[in-house]
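Residue numbers (this note's numbering): 8 to 257.
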């Protein structure tokens, strides 16, 4: 029986320990939700970068049309689009999105030694569970919660619990204590996702800074899309899964 492990925050990622694993990264507010939405809205790919400097360097290398989007500790970056769907959905089609966030894109970069790396959110959790049960049912999974400023975050823990819930409905997995706790937390709160995200520390900070409730309500929707974002290690981009992208990610 394959195992499911859980990492509570990006600072706990040990890059060498990711080798041989299938990693699934969560940053529900908002990086992995934005990545899922961008691909669902027709973006060619998403490049997760470590910070705005890394993003500008990537932009200089581009030979195709692209958009820069990002935030730094919750503040918008000059010259970058806001990194949430309402500001991207009408402009992202056929673009490569270079995305810089304080936590989620860093967690993705730090997890990139995994044999296969996915980005997951509540928006695509049900499809991701079906995909993992079909294609990785004999491999150990590592759920990576991005966290914030060295602390675990409630919304990522809830997101990981949601994916585990959908995984174990259809297949037996051996769960670490962290994975079991995330599952129990999700099962006790699954009907209150939007409220829970709004009351989380990050959600409260974003709402206090002027974000509209409808933006959090949107990313709290479970199973909205069947999009499977997978990291292509050759190109350093996240693309929608296909047999070709699966081979490239290895």
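All C-beta atoms, glycine included, are put in the ideal place defined by N, C-alpha and C.
Cβ pair residue i, residue j closer than 9 Å
i, j, result
"residue 74", "residue 98", "yes"
"residue 236", "residue 132", "no"
"residue 122", "residue 146", "yes"
"residue 148", "residue 174", "yes"
"residue 50", "residue 129", "no"
"residue 245", "residue 46", "yes"
"residue 20", "residue 226", "no"
"residue 170", "residue 135", "yes"
"residue 124", "residue 32", "yes"
"residue 172", "residue 194", "yes"
"residue 180", "residue 9", "yes"
"residue 201", "residue 165", "no"
"residue 81", "residue 212", "yes"
Run of the beta strand (DSSP E) containing residue i, from where it starts to where it stops
i, result
"residue 13", "10 to 14"
"residue 52", "52 to 56"
"residue 107", "103 to 107"
"residue 30", "29 to 33"
"residue 121", "Segment: none, residue 121 is in no beta strand (DSSP E) and carries neither H nor E."
"residue 67", "Looking at the DSSP string, residue 67 is not in any beta strand (DSSP E); the run it does join, the alpha helix (DSSP H), is 59 to 68."
"residue 244", "244 to 247"
"residue 149", "148 to 152"
"residue 78", "73 to 79"
"residue 226", "Premise fails: residue 226 lies in the alpha helix (DSSP H), 220 to 226, not in any beta strand (DSSP E)."
"residue 239", "236 to 239"
Straight-line gap, residue i to residue j (C-alpha atoms, nearest Å)
i, j, result
"residue 79", "residue 112", "11 Å"
"residue 35", "residue 162", "6 Å"
"residue 118", "residue 126", "11 Å"
"residue 233", "residue 142", "15 Å"
"residue 247", "residue 156", "29 Å"
"residue 167", "residue 66", "32 Å"
"residue 268", "residue 197", "Residue 268 lies beyond the stretch modelled for the chain, which goes from 8 to 257, so this question has no answer here."
"residue 153", "residue 70", "30 Å"
"residue 208", "residue 231", "25 Å"
"residue 100", "residue 18", "33 Å"
"residue 22", "residue 58", "19 Å"
"residue 85", "residue 48", "24 Å"
"residue 223", "residue 210", "8 Å"
Buried or exposed (CB count within 10 angstroms, at least 16 for buried), residue i
i, result
"residue 92", "buried"
"residue 60", "exposed"
"residue 4", "Nothing in the structure corresponds to residue 4, since the chain is present only between 8 and 257."
Bounding residues of the alpha helix (DSSP H) (the contiguous stretch that carries residue i)
i, result
"residue 135", "132 to 142"
"residue 93", "92 to 95"
"residue 166", "161 to 175"
"residue 215", "208 to 215"
"residue 233", "Premise fails: residue 233 is in no alpha helix (DSSP H) and is neither H nor E."
"residue 190", "184 to 194"
Integer-rounded CB distance, given that residue j should sit under 8 Å from residue i
i, j, result
"residue 205", "residue 228", "Their Cβ separation, rounded to whole angstroms, is 14 Å, which puts residue 205 and residue 228 out of contact at 8 Å."
"residue 16", "residue 159", "5 Å"
"residue 182", "residue 11", "5 Å"
"residue 243", "residue 54", "6 Å"
"residue 26", "residue 120", "5 Å"
"residue 13", "residue 215", "With 8 Å as the limit, residue 13 and residue 215 do not qualify as a contact, their Cβ atoms being about 29 Å apart."
"residue 110", "residue 38", "7 Å"
"residue 144", "residue 178", "6 Å"
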